[in-house]
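In what follows, a structure is listed as structure tokens, so that the remarks can point back to it.
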Amino acid sequence: MRTMIASADFAAIAARVRYDDALNWKRLPLAAVLACSAAFSLAACTGQERPAAPLPQPPAPTVEAPVDGDWWKQAGDPLLADLVARGIAADHELACRAARLAVQAEADASAERRLSGRMRKLVGTDHGLSRAAALRADQYAYAQARAARAAAVALAYVEVRRLQNVLVLRTERLDQFRDNAAIAEFRRQAGLVTAIDGGIGSSMAGVADADLAATRARFERARMELARMADMDDAALLTALGESGDVSDLGRDPPGPADEGPLHRADLLALRYRLLSRIEHEKMTQADIDKAEAESRLGEGDPATPPLLRDGLDELGKAEAEARAEIAATRQALVLLDAREQALGQSGERSRRAVQDARAAYRAGMGDFATLYVAEASALSVEEARLGLRAERAAGMIRLHLQRGDGWSAADLSPQVGVAACD
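Add 206 to a position in the sequence shown, counting from 1, and you land on the number used in our numbering.
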């Protein structure tokens, strides 16, 4: 927890640089400051003339951010990268947040420019540091929202690809089921089998046809939602998707921070800087911070500890613990997928051989239609499950990227302002 507060990320606040202490300057009431300003004579307030001492400059806050966190650009799927970029650009709320950040940054800079020379010494820089931390918190919150938007678009794309593949698979199977039904009817007319085979064949084709229609409807709904998120025409998206396409292979668990290493999630950084802003605004000392952190580590509480500091540290600790728990759960789910994929691969091979044998036996008059029906239905289920696992892995990797803190970079802390109409 100590690294969250007393870190180099915002040393100007964590170190509690007090300008009045550095200059041996006594704080004056606001009324006295205004009186001095109105009289155009700060010397009258200090009681003597002397050259203005240079203000000590606090270290500039460093930026904690991935060098290039846009993981979708390295996924090897140009359509995914294009859709995510479109989805981010089309997000009206993101655009308005970027505009508000620009307004806030300009307002803070304007407030700083209005304070100069001895007036800055008298007023102090506490509120300037507090505003800077609050602005940085809002910037990190924007970066987190951008990363979440990217993940949402990517998840929608994975679902569209999954349904597209299932649609192609079921279309192929329906054609096969219709062929089987035609063969069964031909054999019935030839007196080789009873009408039962033809009835089973027709029922099988009818069920497959209904399933295909339901899958097509789900695919169209998912595709239209993705088109809406990416601000694309549905026909244009359908063309971009093509007749078929595999779900993106987003790899395995990507290299990243160890379970006990630091997390650079933008939402956690936003919490950290928001607390730093409140600490600076309330003029708490480093001793207050150290004491509260020690109590937090020991699980103890002192009634004298400022509630703002105690509750803020607790909130940070809980947020980080929840983030690590999310990462651990997702990684465990991805590990379990390996075993499921291996077992499904073996089942798929057996089901394909069973279909070939059952089909050959029936056409040679040595097998019954029920066996062929069961074999082909089983093979279809296994193949759909394989497609589902591939999509599940891709979705898990997308969630893991978001949980680990990917999906944004330093450039997103100063986003470009568009032309969106905002309240």
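Glycine is no exception: its CB is placed at the ideal position from the N, C-alpha and C atoms. Quick caveat: nothing in here was measured; it's all calculated off a predicted structure.
Going straight from the alpha carbon of residue i to that of residue j, what length do you get?
i, j, result
"R376", "A414", "7 Å"
"D618", "R558", "50 Å"
"E589", "F383", "16 Å"
"L542", "A560", "27 Å"
"W562", "L443", "The sequence as given places Gln at residue 562; Trp does not occur at that position. If you take the alpha carbons of Q562 and L443, they lie about 37 Å apart."
"A396", "G602", "54 Å"
"A301", "G412", "49 Å"
"A390", "R569", "9 Å"
"V623", "A305", "5 Å"
"E378", "D297", "38 Å"
"A387", "A423", "25 Å"
"D473", "I533", "15 Å"
"R393", "E547", "39 Å"
"R355", "L361", "10 Å"
"A287", "D544", "26 Å"
"S553", "E598", "18 Å"
Would you grab the beta carbon distance between residue i and residue j for me? Rounded to a whole angstrom, and I think it's under 8 Å.
i, j, result
"D440", "A433", "5 Å"
"D612", "W277", "5 Å"
"A436", "R292", "4 Å"
"A498", "L515", "5 Å"
"I604", "L456", "7 Å"
"R303", "A340", "Not confirmed; about 14 Å, so no contact."
"S316", "V374", "That belief does not hold up - the Cβ atoms of S316 and V374 are roughly 59 Å apart, past 8 Å."
"A476", "A616", "Going by Cβ atoms, the distance from A476 to A616 rounds to 15 Å, so no, they are not a contact pair."
"L595", "R368", "With a Cβ gap of about 10 Å, L595 and R368 do not count as contacting."
"V364", "L289", "Between L289 and V364 the Cβ distance is about 11 Å, and since that is not below 8 Å, they are no contact."
"A564", "T577", "5 Å"
"S454", "A281", "6 Å"
"L469", "A529", "6 Å"
Any idea if residue i is buried or exposed, counting beta-carbon neighbours within 10 angstroms, 16 or more meaning buried?
i, result
"T491", "exposed"
"F575", "buried"
"A627", "exposed"
"S483", "buried"
"F425", "buried"
"A353", "buried"
"I402", "exposed"
"P621", "buried"
"H607", "buried"
"L398", "exposed"
"A527", "exposed"
Does any heavy atom of the ligand MG sit closer than 7 Å to the C-beta of residue i?
i, result
"A581", "Looking at this structure, you won't find the ligand MG or any other ligand, since it has none at all."
Spell out whether any CB of chain D is found under 8 Å from the CB atom of residue i.
i, result
"A305", "Protein chain content of the structure displayed is limited to a single chain, and chain D is not contained in it."
*Write down every uninterrupted run of the beta strand (DSSP E) in the segment 547 to 615 whose length is 3 residues or greater and which is fully enclosed by it, in chain order.*
Taken in chain order, the segment 547 to 615 contains no complete beta strand (DSSP E) segment of 3 residues or longer.
*Which full runs of the alpha helix (DSSP H) of 4+ residues lie inside the segment 382 to 448, going along the chain?*
Qualifying alpha helix (DSSP H) stretches, in chain order: 401 to 436 and 440 to 447.
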